[in-house]
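Under the working numbering, the residue at position 125 of the sequence shown is numbered 886, and the numbers go up by one with no gaps. The block underneath contains the structure these notes are about, expressed in structure tokens.
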Amino acid sequence: MDVSQMEEITIWSETKKGGKVVERFLPNVESINLSDRRIGSTDLSPLDQFPNLTAFIISGNELQSIDLSYLGTCKNLLELSLGSNEMETIDLAPLANCTSLMHFDISYNKLREINLTPLAQCKDLKALHLYDNKLETLDLSVLSKCKKLRNLSLNNNGIKSLDISALFKCPSLMQLGLDEGVKLTADKKLKEADSPRALKPLLGNIDWY
Numbered sequence: 762m763d764v765s766q767m768e769e770i771t772i773w774s775e776t777k778k779g780g781k782v783v784e785r786f787l788p789n790v791e792s793i794n795l796s797d798r799r800i801g802s803t804d805l806s807p808l809d810q811f812p813n814l815t816a817f818i819i820s821g822n823e824l825q826s827i828d829l830s831y832l833g834t835c836k837n838l839l840e841l842s843l844g845s846n847e848m849e850t851i852d853l854a855p856l857a858n859c860t861s862l863m864h865f866d867i868s869y870n871k872l873r874e875i876n877l878t879p880l881a882q883c884k885d886l887k888a889l890h891l892y893d894n895k896l897e898t899l900d901l902s903v904l905s906k907c908k909k910l911r912n913l914s915l916n917n918n919g920i921k922s923l924d925i926s927a928l929f930k931c932p933s934l935m936q937l938g939l940d941e942g943v944k945l946t947a948d949k950k951l952k953e954a955d956s957p958r959a960l961k962p963l964l965g966n967i968d969w970y
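Have a look at this one:
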């Protein structure tokens, strides 16, 4: 179809004070950027009308929650950026359908917990940014399915101890951001395993069980 004949699709959002934030996009766009607009709530139901969407960015806003269910139809999504908001909880279940996802950023929020299980379906995931939240515990076991993971950042949280066994199954892991003083544990069966580059400097600090 001729682009000039395409009707733009509207995404409606609101600021915390009730101001309307209205953005319009052509249905063939590959990237939707709603960053830095003071958005407090948004209706993402139109996302299933963007079949070519590869990047969705809504960072730098005032979101306390977000419903990702409409992202489940975005099979080609490569990048999802939710950083610098005010979210305390999030349900990642819809991301199990975003099997092409490579970059997921939810840094600079107020998350106290997060269930990463849906990311097991994201076999191409290369970067996962969870830094600057309020996480105290984190189950990384699902990341053993993310063989292409290169960059995992967990620094500036409240994590006291962390089982990193799963990360030995991520041969491409080059960078691991961690706070100093985090007690690291891992399965002793992995002690002689070939470790990814990011783990090599940490081997002497691991409590093997």
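Each residue gets a CB set at the ideal place from its N, CA and C atoms; glycine is no exception.
D893 is not a Cβ neighbour of S926, given a cutoff of 8 angstroms. In the structure shown, the three-state DSSP call for T834 is helix. Per DSSP, the continuous beta strand (DSSP E) segment holding E840 begins and ends at 840-842.
In the three-state scheme derived from DSSP, where H, G and I count as helix and E and B as strand, T776 is classed as strand. The C-beta of K952 has fewer than 16 other C-beta atoms within 10 Å across all chains shown, which makes the residue exposed.
Cβ-Cβ distances below 8 angstroms link T834 to L808, D809, N858 in the same chain, with the five nearest sequence neighbours on each side left out; the list follows chain order. Distance from the Cα of S933 is smallest, within the candidate group K909, I793, T946, N916, for K909.
Taking a C-beta distance under 8 angstroms as the contact criterion, S820 and S796 qualify as a contact pair. If you ignore the 5 residues before and after L889, its C-beta comes within less than 6 angstroms of the C-beta of F865, L913, all in its own chain and listed in chain order. Sixteen is the threshold: since fewer than 16 other Cβ atoms of the shown chains lie within 10 Å of the Cβ of K950, the residue is exposed. Between the alpha carbons of P812 and I793 lies a distance of about 12 angstroms. Around the Cβ of T771, a 10 Å sphere holds fewer than 16 other Cβ atoms; the residue is exposed. R873 and D852 have their C-alpha atoms spaced approximately 13 angstroms apart. G938 sits in a strand when the DSSP states are folded into three classes. Within the same chain, Cβ atoms closer than 7 angstroms to the Cβ of S922 are found at V943, K944, T946, the five residues on either side in sequence being excluded. Straight through space, the alpha carbons of L960 and N966 are spaced by roughly 10 angstroms. DSSP, reduced to helix, strand and coil, places V903 within a helical segment of the structure shown.
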